[in-house]
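Undergrad:
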Amino acid sequence: MESACREIRHSLGDLRRLSAAVAFLSAGERRQIRELYAATYKEDLVERLHRDHSSDPENELLLTALCLWMMDPIERDAVVARKAINGEDAQFRALVEIYTSRKSSQLFYINRAYQARFKRSLDQDILSRLPQPYQKILAALAASHRSHRAEPSQEIARSDAKRLFEAGKGGAEPVDEVLQLELLSKRSLPQLRLTFSVYKQIYGLGYNQSLKKSPPGEFQESLRTVLKCLCDPHLYFATVLHACMKGTIPDMSALPRVMASRAEVDMAAVEGAFEGKYGLKLPAAIQVNVRHEGLRSFLLALTTRTTTTS
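Under the working numbering, the very last position in the sequence shown is 1807; numbers go up by exactly one each time.
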């Protein structure tokens, strides 16, 4: 680790060289190196990277990718949440991803890390700083994470699926916000996933498809984004990556964020969803669409991280 730490120290001025040095390190190795770097050089590695390169717009996305990659996953989510709270993504995808694809135990520690780092409550910031309808939806999901640990119930799923169908007349009526928020806050995420699965089994159409048929509205569109990530996260992440590479969403930081957060979790499944939807392997899409050479090389390296490491 000492030699790796020295190599990183010598690479600080060259982000491309640094990315090559850290791309294939496990989470445990990255944690050890960051701790050793702090002990040896009396400064935090991520803070040093920001200090040296934050004024360089050409390398902005590579810097974001490297900093997120060097963070512990809990710290990473806290930092990403803060950026989202500050309004850098109008659709708050980062917060949606955290609240729908993290376990309740993880969210507990994310909240603690957010409080420790920013001296603020994440839940309170959602209530006080987010616009509607994301404020309502994410606050409901936060309540769900805090309150529910029961095993999913088929009986409850069938009952809730029926309530959803009858409330929206299968997509013919506007979305019932009160019912939606009730279910999001009172049901666990596994229970919600089961409900939407049962909905499709009973009525032959996915609930998100039913929402698409409903009269348009801001709450409906926000809810559809949330349900995409909740019910099919691999396809959701594949869609976000594709949109970033094609430049169809304004929040380009989603590209390094999704790659860094999924690389050691479920990258193989995300790649499979990407190829299934777009007919192109993710590495090939990165090769073609990511023009920045250093970022392209780093993201290609992350696509090889198909298993969780510690």
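Backbone N, C-alpha and C fix where the C-beta goes; we use that ideal spot for every residue, glycine too.
Please tell me whether Ser1682 has its Cβ less than 7 Å away from any Cβ of chain C.
TA: Of the protein chains in this structure there is only one, and it is not chain C.
Undergrad: What did DSSP end up calling Met1749 once you bin it into helix, strand or coil?
TA: Here residue 1749 refers to the residue found at position 252 of the sequence shown. Met1749 falls in the coil class under three-state DSSP.
Undergrad: Check whether the Cβ atoms of Ile1783 and Val1723 lie closer than 7 Å to each other.
TA: As a position in the sequence shown, residue 1783 is number 286, starting the count at 1. As a position in the sequence shown, residue 1723 is number 226, starting the count at 1. The answer is no: Cβ separation not under 7 Å.
Undergrad: Under three-state DSSP, which class holds Arg1646?
TA: Counting from one through the sequence shown, the residue named residue 1646 turns up at place 149. Coil at Arg1646, not helix or strand.
Undergrad: Give the single residue among Gln1677, Arg1514, Asp1569, Glu1504 whose Cα lies nearest to the Cα of Leu1792.
TA: Translated into positions along the sequence shown, residue 1792 becomes position 295. Closest by alpha carbon: Arg1514.
Undergrad: Between the stretch 1769-1776 and the stretch 1723-1743, are three or more C-beta pairs nearer than 8 Å?
TA: yes
Undergrad: Going straight from the alpha carbon of Pro1671 to that of Lys1709, what length do you get?
TA: Position 174 of the sequence shown, counted from the first residue, corresponds to residue 1671. Position 212 of the sequence shown, counted from the first residue, corresponds to residue 1709. Approximately 10 Å between the Cα atoms of the pair.
Undergrad: Please report how far the alpha carbon of Tyr1538 lies from the alpha carbon of Gly1769, in whole angstroms.
TA: Looking up residue 1538 in the sequence shown gives position 41. Looking up residue 1769 in the sequence shown gives position 272. Roughly 42 Å separates the two Cα atoms.
Undergrad: Can you grab the Cα-Cα spacing for the pair Ile1746 / Val1787, in whole Å?
TA: Residue 1746 sits at position 249 when you count from the first residue of the sequence shown. Residue 1787 sits at position 290 when you count from the first residue of the sequence shown. Spanning the two alpha carbons is a distance of roughly 15 Å.
Undergrad: At 4 residues or longer, and completely inside the stretch 1519-1544: list those alpha helix (DSSP H) runs for me, N to C.
TA: 1524-1538
Undergrad: Roughly how many angstroms separate the alpha carbons of Leu1702 and Glu1715, rounded to a whole number?
TA: Stepping through the sequence shown from its first residue, residue 1702 is reached at position 205. Stepping through the sequence shown from its first residue, residue 1715 is reached at position 218. C-alpha separation (whole angstroms): 22 Å.
Undergrad: Just the C-alpha distance for Gln1651 and His1507, rounded to the nearest angstrom, thanks.
TA: As a working note, residue 1651 is residue 154 in the sequence shown. As a working note, residue 1507 is residue 10 in the sequence shown. Near 57 Å, if we compare the C-alpha coordinates of His1507 and Gln1651.
Undergrad: DSSP three-state call for Pro1687: helix, strand or coil?
TA: In the sequence shown, residue 1687 corresponds to position 190, counting from 1. The answer is helix: DSSP assigns Pro1687 an H, G or I state.
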